[in-house]
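Q: If you read the sequences in order, they're chains Y and C.
If you're matching positions, the first sequence starts at 42 in the numbering used here and goes up one per residue.
If you're matching positions, the second sequence starts at 42 in the numbering used here and goes up one per residue.
Let me give you the structure first, and then I'll get to my questions.
2 protein chains.
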Amino acid sequence: MADQLSRVFAALADPTRRDLVARLTVADATVNELAEPYEVSVQAISKHLKVLEDAGLVTKGRVAQTRPVHLEAEVFDLMTAWIERYRRRAEQRYRRLDAVLAEIADQTPPRTPPPTEGPRA
Amino acid sequence: MADQLSRVFAALADPTRRDLVARLTVADATVNELAEPYEVSVQAISKHLKVLEDAGLVTKGRVAQTRPVHLEAEVFDLMTAWIERYRRRAEQRYRRLDAVLAEIADQTPPRTPPPTEGPRA
DNA sequence: AGCTTATTCAACCAAACGGTTGACAGGCCG
DNA sequence: CGGCCTGTCAACCGTTTGGTTGAATAAGCT
Chain Y
42 MADQLSRVFA ALADPTRRDL VARLTVADAT VNELAEPYEV SVQAISKHLK
92 VLEDAGLVTK GRVAQTRPVH LEAEVFDLMT AWIERYRRRA EQRYRRLDAV
142 LAEIADQTPP RTPPPTEGPR A
Chain C
42 MADQLSRVFA ALADPTRRDL VARLTVADAT VNELAEPYEV SVQAISKHLK
92 VLEDAGLVTK GRVAQTRPVH LEAEVFDLMT AWIERYRRRA EQRYRRLDAV
142 LAEIADQTPP RTPPPTEGPR A
């Protein structure tokens, strides 16, 4: 199996699974309740829930013969940490670039239009 | 093709691709430069970059015969928005649950130990 | 023009994915 | 006890994924 971060991202790459997570933010629910709105079989949803469970996004209880599914929101922090870390670095880099460009624009009088949006765009 | 959010999550579900993104927060780089540290073929990295590009995480320029790869950090906001939205909802729900539990504990004197951690755990 | 470098395209392969149907295990309830 | 839910396991199927090698395209360099 892959590392947890990979599993979390992979789990949320599927729209059905994202929808399941979204619905679980409202309330815990049993597998059948969760499966009801979709057109696929209960087994398919059971598999989706297993993926979410393996990623640590969800846990299952045991009430009578049902297994209420519960969202574990803490795992979101794992993603947020990764995303924020690199977003911050990327932004710092742009800030640095902006500074360099500003300096260049300062030293050299109106030469070329500032290539703030480079060859792409 | 799937929606962009799915493509972004799927793109970041691979450790090699996450590493590419991480390295691109430092500086733009050509395909060959990016491929150098890994043990796989350049073609494999080219494919990874295509996945990142299709997800909108990355764009390619054209300098001479090289195609410098550039990180598009804005797409991160798409994920952050999704994550924060549902994290917030989940947290609100816990707050509500806490309130309910507090009220119950208030009305009923020491009856059962508060089931703050339910059947799971 | 002709060679070289950088990158992608194409065909192929094994493994994983998302779905199906059918069988089976656990726990209620008449 | 016997049946009925609820949920999972197993086998199967078509598609996607991540990798390979080999050929093709594009833009310098001499």
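Glycine is no exception: its CB is placed at the ideal position from the N, C-alpha and C atoms.
None of these values were measured; they are calculated from a predicted model.
How would you label R152/Y, buried or exposed, when you count the other beta carbons within 10 angstroms and need 16 or more for buried?
A: At R152/Y the pLDDT is 36, less than 50, meaning the model places this residue with poor confidence; the figure from the coordinates comes in the next sentence. Flag for R152/Y reads exposed.
Q: Of all the options A63/Y, Q45/Y and K91/Y, which has the alpha carbon lying nearest to the alpha carbon of R130/C?
A: Considering only alpha carbons, the answer is A63/Y.
Q: Looking at chain Y, is there any beta carbon in it that lies within less than 7 Å of the beta carbon of R108/C?
A: Not one chain Y Cβ lies under 7 Å of R108/C.
Q: Starting from V72/C, follow the beta strand (DSSP E) in both directions and report where the run begins and ends.
A: From DSSP, V72/C is part of no beta strand (DSSP E) but of the alpha helix (DSSP H) over V72 to A76.
Q: Could you check how far apart the C-beta atoms of R58/C and L93/C are, in whole angstroms? I think they sit under 8 Å.
A: With a Cβ gap of about 6 Å, R58/C and L93/C count as contacting.
Q: For the ligand ZN, is there a heavy atom less than 6 Å away from the beta-carbon of L65/Y?
A: Summarising the ligand content, the structure contains no ligands, and the ligand ZN is consequently not present.
Q: Measure the C-alpha to C-alpha separation of S87/C and V72/C and round it to an integer number of angstroms.
A: C-alpha separation (whole angstroms): 7 Å.
Q: For V116/Y versus G97/Y, is the C-beta spacing smaller than 7 Å?
A: The answer is yes: Cβ separation under 7 Å.
Q: Taking only beta-carbon atoms, is T66/Y less than 7 Å away from chain C?
A: Answer yes: the Cβ-Cβ gap between T66/Y and chain C drops below 7 Å somewhere.
Q: Is it buried or exposed for A68/Y, if we count other Cβ within 10 angstroms and need 16 for buried?
A: Looking at its Cβ environment, which holds fewer than 16 other Cβ atoms inside 10 Å, A68/Y is exposed.
Q: Which residues bound the beta strand (DSSP E) around T100/C?
A: T100/C -> beta strand (DSSP E) spans V99 to K101.
Q: For a cutoff of 7 Å on Cβ pairs, would you count R58/C as touching chain Y?
A: Answer no: the Cβ-Cβ gap between R58/C and chain Y never drops below 7 Å.
Q: Look up L112/C in the DSSP assignment and give the residues it is bridged to.
A: In DSSP, L112/C forms a bridge with V99/C.
Q: Over what stretch of residues does the alpha helix (DSSP H) that includes T57/C continue unbroken?
A: Where T57/C is concerned, the enclosing alpha helix (DSSP H) stretches over P56 to L65.
Q: Could you tell me the alpha carbon to alpha carbon distance between P78/C and D60/C, rounded to whole angstroms?
A: Going by the C-alpha atoms only, they are around 11 Å apart.
Q: Can you list, in chain order, the residues of its chain with a C-beta nearer than 8 Å to that of L90/C? Leave out the 5 residues immediately preceding and following it.
A: Taken in chain order, the residues that qualify are L61, V72, L75, V99, K101 and V110.
Q: Would you call V104/Y buried or exposed, if buried means 16 or more other Cβ atoms sit within 10 Å of its Cβ?
A: When all chains shown are included, V104/Y counts as exposed.
Q: Please report whether the beta-carbon of A51/Y lies at a distance below 7 Å from any beta-carbon of chain C.
A: By this cut-off, A51/Y is an interface position.
Q: Got a sec: is the Cβ-Cβ distance from Q124/C to anything in chain Y below 7 Å?
A: The residue you asked about is not Gln; residue 124/C is Ile in the sequence shown. It does; some Cβ of chain Y falls within 7 Å.
Q: Is there at least one Cβ from chain C nearer than 7 Å to S87/Y's Cβ?
A: No, no contact with chain C.
Q: In the DSSP assignment, what residue or residues form a beta bridge with V83/Y?
A: Answer is none; V83/Y lacks a bridge partner.
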